[in-house]
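Q: In the UniProt record's numbering, the protein residues as written are 1 to 129.
By construction, the Cβ of each residue, glycine as well, lies at the ideal position given by its N, Cα and C atoms.
As the structure is a computational prediction, the values presented were derived from the model and not from experiment.
Written out as structure tokens, the structure is:
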């Protein structure tokens, strides 16, 4: 009879095995959860920490800066503020010159110096669709 050894970490998905995965690991209840970039509505930075907001309404905290999280995800999100990066797929409207509305209902501020750039990007996104 042949015995096989169980891998105690078999429940962890290794993103290296998935091509173009665009995943980030978050710790949740003592487990590692992989969050895909297409599930992320926006990122909110607070110093050396980043809150990852998902379309399911969940909020995960990782001990990485916004810049590091963006390097890990390797996607084309838009930095709209020193503390906010949004996934353009979830931008519903620009409700004020300095505020975006996301599909999750969250309103996020646009930095004054980025307003023109963001407006041009959003107009380009609409024209491309």
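Taking the alpha-carbon positions, what's the residue 92 to residue 101 distance?
A: So the alpha carbons of these two residues sit roughly 6 angstroms apart.
Q: For a minimum of 4 consecutive residues, which ranges assigned as the alpha helix (DSSP H) are wholly contained in the UniProt domain "HTH LytTR-type" (24 to 124)?
A: Taking only runs of at least 4 residues, the alpha helix (DSSP H) segments lying wholly in the UniProt domain "HTH LytTR-type" (24 to 124) are 66 to 73.
Q: To the nearest angstrom, report how far apart residue 32 and residue 113 are at their CA atoms.
A: So the two alpha carbons sit approximately 37 angstroms from each other.
Q: Ordered along the chain, which non-local residues of its own chain (more than five positions away) have a Cβ less than 6 angstroms from that of residue 111?
A: Within the same chain, residue 111 has close Cβ partners 81.
Q: Of all the options 35, 84 and 76, which has the alpha carbon lying nearest to the alpha carbon of residue 50?
A: Considering only alpha carbons, the answer is 84.
Q: Cα separation between residue 44 and residue 36?
A: Distance between the alpha carbons of residue 44 and residue 36 is about 16 angstroms.
Q: Any beta carbon from chain B within less than 8 angstroms of residue 76's own beta carbon?
A: Checking the listed chains, one finds no chain B in this structure; it contains a single protein chain.
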